[in-house]
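Beneath this line is the structure, given in structure tokens, with notes to follow.
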Amino acid sequence: MAFKIMTLSDAAAERIKEIIEDSDKPVIGVRVGVRNAGCAGMAYTLDYVTEAMVGDDHVKDQGLDVYIEPKATMFLLGTIMDYEESKMSAGFTFKNPNQTGACGCGESVQLEPADLKAIAAARASA
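Residue 2 is where the sequence shown starts when you use our numbering, and the numbers rise one by one after that.
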């Protein structure tokens, strides 16, 4: 099995399918990235993709196309994107092994680039 930069939970896949179906314009997938923000340093970004951008990494998971900004790849390796609903909120969440902290309000996270040697060793022993 090939290693994927990130994967989608069933709930995230269902929500992305709904978003794509409800879009007013033709959408081929979503683009995940990171930006500098908040007190912890970074925030995740999520946008519609109407056409693939040169340089983006591409993951096909559960029949959906997920594009990843080049600068985000090292921060997202091994991440599971989920969708959660509660009485107070609903939104995408990221279970990211590269996250080392978060701010108290949950708006931003602290991320470290993935350890490629550790990933290679884990893949070799699997």
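Glycine included, every Cβ here is placed at the ideal spot set by N, Cα and C.
All values derive from a computational prediction rather than experimental measurement.
* Which residues in the same chain have their Cβ closer than 6 Å to the Cβ of A115, if we skip the five residues on either side of it in sequence? -> If we look at A115 and ignore the five residues flanking it on each side, its Cβ neighbours are M75, L78 and N99.
* Could you check where the alpha helix (DSSP H) with D11 kicks off and where it finishes? -> Taken as a continuous stretch (DSSP letters only), the alpha helix (DSSP H) holding D11 covers D11 to D23.
* Reduced DSSP secondary structure (H/G/I, E/B, other) of M2 -> The predicted position of M2 is uncertain, since its pLDDT is 48 and thus under 50; a value taken from the coordinates is nonetheless stated next. M2 carries a coil assignment under DSSP once its states are collapsed to helix, strand and coil.
* Asked: From which residue to which residue does the alpha helix (DSSP H) around L77 run?
  -> It spans T74 to L77 - the alpha helix (DSSP H) in which L77 sits, taken as one unbroken run.
* **E19 classed as buried or exposed, judged by whether at least 16 other C-beta atoms fall within 10 angstroms** => When all chains shown are included, E19 counts as exposed.
* Does the beta-carbon of D11 have 16 or more other beta-carbons within 10 angstroms, so that it is buried, or is it exposed? -> Answer is exposed; the Cβ neighbour count stays below 16.
* Which whole-angstrom value describes the C-beta separation of G30 and D66, a residue pair presumed to lie in contact below a C-beta threshold of 8 Å? -> Rounded, the Cβ-Cβ distance is 3 Å, consistent with contact.
* **Option nearest L112 by Cα separation, candidates I17, G34 and E85** => If we check each option's Cα against that of L112, G34 comes out closest.
* Extent of the continuous beta strand (DSSP E) run through E86 -> Element bounds for E86: T80 to E86.
* Closest by C-alpha distance to D1, when choosing among I17, Q63 and G42 -> Since the displayed the chain opens at 2 and closes at 127, residue 1 lies outside it and no answer follows.
* How is K26 classed by DSSP in three states: helix, strand or coil? -> It is coil, neither helix nor strand.
* Asked: Sorted by chain position, which residues of the same chain lie with C-beta nearer than 8 Å to P27's C-beta, five sequence neighbours on each side aside?
  -> Within the same chain, Cβ atoms closer than 8 Å to the Cβ of P27 are found at T51, the five residues on either side in sequence being excluded.
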